[in-house]
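Step one of this worksheet: look at the structure below.
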Ligand SMILES: [Zn+2]
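Numbering (the working numbering), first residue to last: 379 to 509.
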C-alpha cells in the first residue's frame, strides 16, 4: 500500500479535513529546523480544511520514505486571522496514525532488510539499512 498526491487529493484540496491533525507549538527557528531535517516533498500552494470547516490556503511539506514514496503524513503551513491578527501556523497532518509492525526473518534482519507495514492502513514501512 502506498500514498500518492492523487490518493490524498481530498485533503490537499481542502475538501475534507485530515483524519489526524497535531498542533505544533514551535517557534520559527524550531519550525525551520523541523522542515530542513525531514525527507519532504514541498507542494505548491494548496488548501487545508480546518477544524472550523473553513478552507485555507496552505503549503504542504509531505514526508517521504526511503524510496521517495509518500507516507500520508506531512507538515502544513497556513495563515489564519484570529482576533484581528494574521497568525501563521504549522501543524502536522496525517491520513493515518501509523502503527509499525515488522515481519522480517532473522536472516533478513541480519542483512539490514527490515520489512514492516502499518497495521492500520497497510502502508509499506520497510527500511533497508544494508548496503
Ligand atoms: Zn497507517
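Where a beta carbon is used, it is the ideal one built from N, C-alpha and C, also for glycine.
With 16 other Cβ atoms within 10 Å as the buried cut-off, status of residue i
{"i": "residue 446", "result": "exposed"}
{"i": "residue 433", "result": "exposed"}
{"i": "residue 383", "result": "exposed"}
{"i": "residue 423", "result": "exposed"}
{"i": "residue 428", "result": "buried"}
Cutoff 8 Å; reference residue i; Cβ partners in own chain excluding five residues on either side
{"i": "residue 381", "result": "447, 448, 449, 450, 473 and 501"}
{"i": "residue 479", "result": "494, 495, 496 and 497"}
Residue span of the alpha helix (DSSP H) that contains residue i, given as start and end
{"i": "residue 406", "result": "406 to 415"}
{"i": "residue 485", "result": "484 to 488"}
Cβ-Cβ distance between residue i and residue j below 7 Å
{"i": "residue 468", "j": "residue 402", "result": "yes"}
{"i": "residue 440", "j": "residue 392", "result": "no"}
{"i": "residue 417", "j": "residue 400", "result": "no"}
Check: residue i C-beta below 6 Å from any heavy atom of ligand 1
{"i": "residue 454", "result": "no"}
{"i": "residue 463", "result": "no"}
{"i": "residue 498", "result": "yes"}
{"i": "residue 440", "result": "no"}
{"i": "residue 501", "result": "yes"}
Sequence-distant residues of the same chain with beta carbon closer than 7 Å to residue i, five excluded per side
{"i": "residue 414", "result": "none"}
{"i": "residue 491", "result": "482, 506 and 508"}
{"i": "residue 431", "result": "none"}
Range covered by the beta strand (DSSP E) that runs through residue i
{"i": "residue 467", "result": "463 to 472"}
{"i": "residue 332", "result": "Residue 332 lies beyond the range of the chain shown here (379 to 509); nothing can be said about it."}
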